[in-house]
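In my numbering, the protein residues as written are 29 to 408.
Okay, structure coming up:
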């Protein structure tokens with residue numbers, strides 16, 4: 029790929045994730061400020077899971093049909109823009125409109141991230157780690173900016189900055205080549221074959237549980253931060269630190285995967301999640317929570333890297349893309365739906381600290397399942 033086009037890809041990733049940060053990182057504080065209880069927030073946030081799953085399925089089907097990705101990417105960003113306008117520009121709205129706004133804002137973020145990953149992988153697979161790192165830097169930088177803007181200018185300032193970024197995204201998206209998407213369409217026979225694959229379904233179960241834990245990091249930890257005196261700026265710092273800490277491992281992805289097997293990375297990621305949530309429960313100051321969030325260095329990147337290669341190892345080559353899409357629809361959409369609802373009720377019963385300790389203990393389940401998966405692999 030030409031140097032100019034490579035630079036455009038880096039800029040597109042940076043701005044795309046920057047735009048996402050202006051909306052996604054401040055949804056929980058915004059809903060709390062709007063007067064919603066923790067249970068109501070749980071239901072509103074779960075609505076984005078429906079949009080995410082449906083959006084990913086429709087996006088994949090349309091891409092297959094038209095053999096292009098760019099138009100679907102643009103439409104997805106337009107829908108994210110509409111959701112953001114509805115969320116931040118009209119303060120007086122019904123619960124249904126809040127549900128629609130949060131659903132579009134949160135759900136389309138997942139669709140865009142999935143499309144972005146597919147696009148960048150096919151454009152320049154060798155530099156995927158660096159491209160993903162540029163996105164993390166965009167998320168880190170603008171998460172901090174989002175937190176600083178709210179107190180002096182209000183949430184409408186986030187919308188203004190987001191719209192400026194979106195214009196840059198729409199400009200850049202037509203400056204790189206589209207892809208001819210030749211992926212095989214998902215059909216009932218493929219899905220049946222995947223469901224009958226015991227190793228594949230075990231991996232889906234493991235990653236569903238892990239992503240539920242990761243989703244709790246976005247919602248429960250932010251709720252605790254706000255409860256113990258944190259503010260929008262500190263929420264922005266938390267997102268920024270987590271995003272920035274993902275960069276080193278993505279840059280070293282190729283070396284890491286050569287040195288350690290995906291099964292080892294998976295187990296290591298689970299262990300560090302347990303440590304992370306234990307510390308989230310233990311510390312009682314917003315700045316300490318931000319410091320603990322730096323363990324993102326060894327949690328999400330390890331889980332993401334291991335998932336790509338583990339699913340590839342248990343499915344036939346011609347079913348790999350189908351396997352990835354079907355799995356992500358379950359563990360990404362499932363975690364987005366179940367986690368806010370379950371944790372909102374448990375936080376009222378147990379309190380945030382006991383709930384976070386409970387989540388730390390919950391990591392035992394996917395860890396045991398990962399051992400079971402390794403034994404299944406060794407028997408082959």
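By construction, the Cβ of each residue, glycine as well, lies at the ideal position given by its N, Cα and C atoms.
Here residue 158 carries a helix assignment [DSSP, helix/strand/coil]. A direct Cα-to-Cα measurement between residue 352 and residue 339 gives close to 7 Å. Measuring C-alpha to C-alpha distances from residue 72 to each of 64, 116, 377 and 127 identifies 127 as the nearest.
A distance of 8 Å or more separates the beta carbons of residue 305 and residue 236. CA-to-CA, the gap between residue 325 and residue 114 works out to about 34 Å.
The count of Cβ pairs closer than 8 Å, one atom from the region 68-85 and one from the region 176-192, stays below three, leaving the stretches out of contact. Apart from the 5 residues on each side of it in sequence, residue 394 sits with its Cβ closer than 7 Å to the Cβ of 234, 237, 238 and 298 in its chain, given in chain order.
If you draw a straight line from the Cα of residue 176 to the Cα of residue 264, it is about 8 Å long.
Judged by beta-carbon spacing, residue 334 lies beyond the 8 Å limit of residue 400, meaning their Cβ atoms are not closer than that value. Cβ-Cβ separation between residue 277 and residue 166: approximately 17 Å, too far for a contact (criterion under 8 Å). By a beta-carbon distance limit of 8 Å, residue 380 contacts residue 248. Their separation comes to about 7 Å. Closest in C-alpha terms to residue 256, from the list 224, 267, 315 and 80, comes 315. In the three-state reduction of the DSSP assignment, residue 337 falls in the helix class. Taken in chain order, the complete alpha helix (DSSP H) segments of 4 residues or longer contained in the region 246-289 are 260-279 and 281-287. Rounded to the nearest whole angstrom, the C-alpha separation of residue 90 and residue 98 is 11 Å. In this structure residue 180 is exposed. Its beta-carbon is surrounded by fewer than 16 other beta-carbon atoms within 10 angstroms. Of the candidates 221, 37 and 171, the residue whose Cα lies closest to the Cα of residue 162 is 37. In the displayed model, residue 206 falls within coil according to three-state DSSP, outside both helix and strand. A straight-line Cα-Cα distance of about 27 Å links residue 284 and residue 139.
For residue 366, the three-state secondary structure derived from DSSP is helix. In this structure residue 87 does not touch residue 79 by the C-beta definition: roughly 11 Å separates them, more than the 8 Å allowed. One Cα belongs to residue 303, the other to residue 388, and the distance between them is close to 7 Å.
It is roughly 19 Å from the alpha-carbon of residue 144 to the alpha-carbon of residue 272.
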